[in-house]
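Taken in order, these protein sequences are the chains called A and B. Heads up: the first sequence begins at 1 in this note's numbering, then just goes up one per residue. Heads up: the second sequence begins at 1 in this note's numbering, then just goes up one per residue. Cβ coordinates follow ideal geometry from the N, Cα and C atoms, glycine included. Structure first, then comments.
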Amino acid sequence: MHIEIDEISKSFGVTAALHPVSLSLPSGALVALLGPSGSGKTTLLRIIGGLEFPTSGRVLFDGQDATGLTVQERRAGFVFQSYALFRHMTVFDNIAYGLNARPRANRPPKAEIARRVSKLLELIQLPDIGARYPSQLSGGQRQRVALARALAIEPRMLLLDEPFGALDAKVRKELRQGLRDIHDTTGLTTVFVTHDQDEAMELADLVVVMSMGRIEQIGKPQDIRARPATPFVREFISA
Amino acid sequence: MSDATPNTLRFRVATEESPATRWALIGVAFAGLAILVFAPLVAVFVEALADGVAASVRSLASPDAADAIRLTLTIAAISVPLNALFGIAAAWFITKFDFRGKAFLITLIDLPFSVSPVVAGLCIVLMFGTNSFVGGWLVANGYPIVFAMPGIILATMFVTFPFVARELIPVMIEQGRAEEEAALTLGASGWRTFWTVTIPNIRWALLYGVLLCNARAMGEFGAVAVVSGKIRGQTATMPTTIEMLYQEYLSVAAFSLAAVLALLALVTLLLKTALEIRHADQLAATHRH
C-alpha cells in the first residue's frame, strides 16, 4: 500500500516533536526512518499506525485520507520496541490474538486460526514454540513472535519501532535478513525506525534521515552515502 | 592433590552474611513475629475458649453477635467491590494518561492513610448529620446516612479506598502501555483490551489489594464507631460489638467474636496463599520478563 504523509506536524504541549513533514512511501517499499533519539522518527511511525494523532496534516493510504481512521481501522502490523508480547498468554495465543479479536461475523473458525498460527510459526522458523510463554523465549525469538503476531491480522502495512534495538550484534544480523525475507515474501509496505545507520543502509530500499523533528534527506542508501544533502546527514552517516 | 580441596569456607559471595549473622537475623525476625503476631492471636483463641467451646458458641449465637457478624459481612460485600472498581479506575487513569494535577491526585488517594479514621468519621457526621443541610434533607426524606448502614459503608470505603489503587499503580506503571497499544493495533476494542490484556496483567496485584481492602473493611473500628452510633442489633459491627462486650466484662463473648474476626482474616490469607501455589507457574511467567 502506498503511504503518503502530507504536511504532518505534532506537538506535545509546547514542544514540537514534528515540524510539518511530507513523505511519499511507494507501495511495497522497505523504508527506514533513521535518526538520533528525539528526531521524531518514532512519533512519525506512531502517527502512521494510528497510535498518535497529528496536530495538523494528513495521512493518505493509497490516495484515501486515513487521518481520521482509528488504530483498529488502520490494520497496521505494529512491532513494538520491547515487542510488547502479552506475557500471560502462550506464543500461540499471542499470535492468534488479532484473529480472535475480530467481530464474530468475520472471525475464522478455531481450526482455521490454528492452521494460520502454525503457518506463521513456520514462516518465522520457530515451529515448535506455540505452547511456550514469552518469558521462556530469547530476545531474538520474542522479536520474531512479535513479527508473526503483527502479520497474523493480514495487515495492510508493517510498522516496526527499533525492531533490532534490544538484541546482540550476531542475532541482529540474522534477523535483519529475516525481516528482508518476510518483506519480500509478503510484499507489504514496511517502515522501520532505527538509530543505527548501518542497519538502515543495509536493509532499506529507501532511507529517510530525520533530525529535530525535520526530514533531512530522503533517498536510496547509495545516494545518501554518495551525496549527503546536509552537514547533519554527512556527519550522522559517517559516525 | 591438596589443591583440589574446595575453599568455599573462606570465600563467600559478597552479598552473603556469615552464618552467625544470618541465624541472628532470622532469630530476631522469628522472635518479633512470635511476640507481636503469633502470641496475641493465640491469646485471643485461648480467651475465647476459656469457658469451653459450648459457652463460646452460645455467645456467638446470641442475636447481637449474629447481627454484628451479618452487618460486617454485608458492609464488606458492598464496600470492597465498589472500592475495587474505584481503585482500578483511579490506577488506570493515573498510569495510562498524562494530565495536569496527577501528583495531586495521587496524594489525594493516599489521604485516608494519613488521616485518623476518627477524623474521617467526624467529617461524615458533619456532612450528613441531621444538623447539616444535606443530612437534614436526606433524613426528612427517609434516607438517614449517619447512624445507619449508608454511613458505615461511606466510612469503610473512605478508610479502605487506597488499598486497591496503591497496589495497582506501581504494577501498572512498571508494565507501561505497550501491551495495550499492541492489542489495539491488532484490532481489539478498548473494552476487549481491558479484559484480555490489562486485567490479566494486574490480577495478582488486584487480588492482593482486594484482600487487604477486605481485611481492613471488616476490621475498621474508629470511623465506623463515630458514624454508626453503635446501636446494638442495628448498626453495631463486629469490631464495635467486640469493644462493647469487652467494656461490659463479657470476656468470653468478646473474645469469641474477636476469634471469628481473626478467623475471617486468616481464611482470606489462606485463600491468597492457595491461589498463589496453584498458579505459581503463571505467576512466575508474568513477573520474570
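In whole angstroms, give me the CA-to-CA distance for Met149 (chain B) and Ala84 (chain A).
If I take the Cα positions, the gap works out to 46 Å.
Would you say the beta carbon of Lys170 (chain A) is closer than 7 Å to some non-hydrogen atom of the ligand FAD?
Ligands displayed in this structure: none; no statement on the ligand FAD is therefore possible.
On the CB-based measure, 16 or more other CB atoms within 10 Å of its CB, does Phe30 (chain B) come out buried or exposed?
Answer is exposed; the Cβ neighbour count stays below 16.
Contact check, Ala131 (chain A) vs Val117 (chain A), beta carbons under 8 Å:
No, the Cβ-Cβ distance between Ala131 (chain A) and Val117 (chain A) is not below 8 Å.
Could you tell me the distance, in whole angstroms, from the CA atom of Phe221 (chain B) to the CA atom of Asn131 (chain B)?
If you take the alpha carbons of Phe221 (chain B) and Asn131 (chain B), they lie about 24 Å apart.
Does the stretch 46-58 of chain A come close enough to the stretch 218-234 of chain A that 3 or more CB-CB pairs lie under 8 Å?
Short answer: they don't touch.
Can you find a CB in chain A that lies within less than 8 Å of the CB of Pro170 (chain B)?
By this cut-off, Pro170 (chain B) is not an interface position.
Between the stretch 190-220 of chain B and chain A, which residues of the former have CB atoms less than 9 Å from a CB of the latter, in chain order?
Legend: CB atoms of the stretch 190-220 of chain B lying less than 9 Å from CB atoms of chain A belong to residues Arg192, Thr193, Thr196, Val197, Pro200, Asn201, Arg203.
Taking the alpha helix (DSSP H) that Met244 (chain B) belongs to, which residues open and close that run?
238-247 is the span of the alpha helix (DSSP H), which, as asked, contains Met244 (chain B).
Assigned exposure category for Gly151 (chain B) - 16 Cβ within 10 Å defines buried:
Classification for Gly151 (chain B): buried.
Write down every uninterrupted run of the alpha helix (DSSP H) in the stretch 108-184 of chain B whose length is 4 residues or greater and which is fully enclosed by it, in chain order.
The stretch 108-184 of chain B contains these whole alpha helix (DSSP H) runs: 117-128, 133-140, 149-175.
For the stretch 125-153 of chain A, which residues have a beta carbon sitting closer than 9 Å to at least one beta carbon of chain B?
For the stretch 125-153 of chain A, which is checked against every Cβ of chain B, the residues closer than 9 Å are Tyr133, Pro134, Ser135, Gln136, Ala146, Arg149, Ala150, Ala152, Ile153.
First and last residue of the uninterrupted alpha helix (DSSP H) at Thr198 (chain B)
No alpha helix (DSSP H) holds Thr198 (chain B); DSSP gives it neither H nor E.
Among the residues of its own chain, which have a CB less than 8 Å from the CB of Leu275 (chain B), if the five just before and after it don't count?
Cβ within range, chain order: Leu207.
Express the C-alpha separation of Phe12 (chain A) and Pro20 (chain A) in angstroms, rounding to a whole number.
Phe12 (chain A) has its alpha-carbon roughly 14 Å from the corresponding atom of Pro20 (chain A).
As assigned by DSSP and simplified to three states, the class of Arg70 (chain B)
Taken through DSSP and simplified to helix, strand or coil, Arg70 (chain B) comes out as helix.
Using three-state DSSP, classify Val14 (chain A) as helix, strand or coil.
Three-state DSSP puts Val14 (chain A) in coil, outside helix and strand.
Identify the contact partners of Val82 (chain A) in chain B, using a Cβ-Cβ distance below 7 Å as the criterion.
Going by the sequence as given, residue 82 (chain A) is Ser instead of Val. Listed along chain B, the residues sitting closer than 7 Å to Ser82 (chain A) by beta-carbon distance are Ala178.
Contact between the stretch 87-99 of chain B and the stretch 244-264 of chain B (3+ Cβ pairs under 8 Å):
By the Cβ test, the stretch 87-99 of chain B is not in contact with the stretch 244-264 of chain B, since fewer than three Cβ pairs between them sit closer than 8 Å.
Taking Cβ positions only, does Gln186 (chain B) come closer than 8 Å to chain A?
Note on residue identity: the sequence assigns Leu, not Gln, to residue 186 (chain B). Closer than 8 Å: yes.
Since Met210 (chain A) sits in a beta bridge, which residues does DSSP pair it with?
Bridge partners of Met210 (chain A): A:Ile215.
Just the chain D side, please: which residues come within less than 8 Å of Ala183 (chain B) by C-beta, in chain order?
Although the question refers to chain D, the structure presented lacks it and instead comprises the protein chains A and B.
Which residues in the same chain as Ala258 (chain B) place their Cβ atom closer than 6 Å to its Cβ, once the five residues preceding and following it in sequence are excluded?
Counting only Cβ-Cβ distances below 6 Å, and skipping sequence neighbours, we find Val44, Ile242.
Exposure of Arg288 (chain B), with buried meaning 16 or more beta-carbon neighbours within 10 Å
With a pLDDT of 42 at Arg288 (chain B), under the threshold of 50, the predicted position of this residue should be treated as unreliable, though the coordinate-derived value follows. Exposed, by the Cβ-count rule.
Any chance the stretch 130-148 of chain A sits against the stretch 99-112 of chain A, with 3 or more Cβ pairs inside 8 Å?
No contact exists between the stretch 130-148 of chain A and the stretch 99-112 of chain A.
For the candidate residues A:Val209, A:Thr15, A:Gln177, whose alpha-carbon lies nearest to that of Pro231 (chain A)?
Measuring from the Cα of Pro231 (chain A), the nearest candidate turns out to be A:Val209.
Leaving out the 5 sequence neighbours to the left and right, which residues in its chain are closer than 6 Å to Ala229 (chain A) when beta-carbon positions are compared?
Cβ neighbours of Ala229 (chain A) beyond the five flanking positions: Gln217.
Gly87 (chain B), buried or exposed, once every other Cβ within 10 Å from all chains shown has been counted against 16:
Buried.
Compare the C-beta of Leu158 (chain A) with all C-beta atoms of chain B and state if any pair is closer than 8 Å.
Chain B contact via Cβ: absent.
So, helix, strand or coil for Asp168 (chain A), using DSSP?
Judged by DSSP in its simplified three-state form, Asp168 (chain A) adopts coil rather than helix or strand.
Can you tell me where the alpha helix (DSSP H) holding Leu186 (chain B) begins and where it ends?
Annotation: Leu186 (chain B) is outside any alpha helix (DSSP H) and is labelled neither H nor E by DSSP.
By DSSP, does Pro63 (chain B) sit in helix, in strand, or in coil?
DSSP places Pro63 (chain B) in helix when its eight states are reduced to three.
Where do the N-terminal and C-terminal ends of the alpha helix (DSSP H) with Val59 (chain A) fall, by residue?
According to the DSSP assignment, Val59 (chain A) belongs to no alpha helix (DSSP H) but to the beta strand (DSSP E) extending over 56-61.
Name the chain B residues that come within less than 7 Å of Ala166 (chain A), Cβ to Cβ?
Chain B residues near Ala166 (chain A): none, gap ~12 Å exceeds 7 Å.
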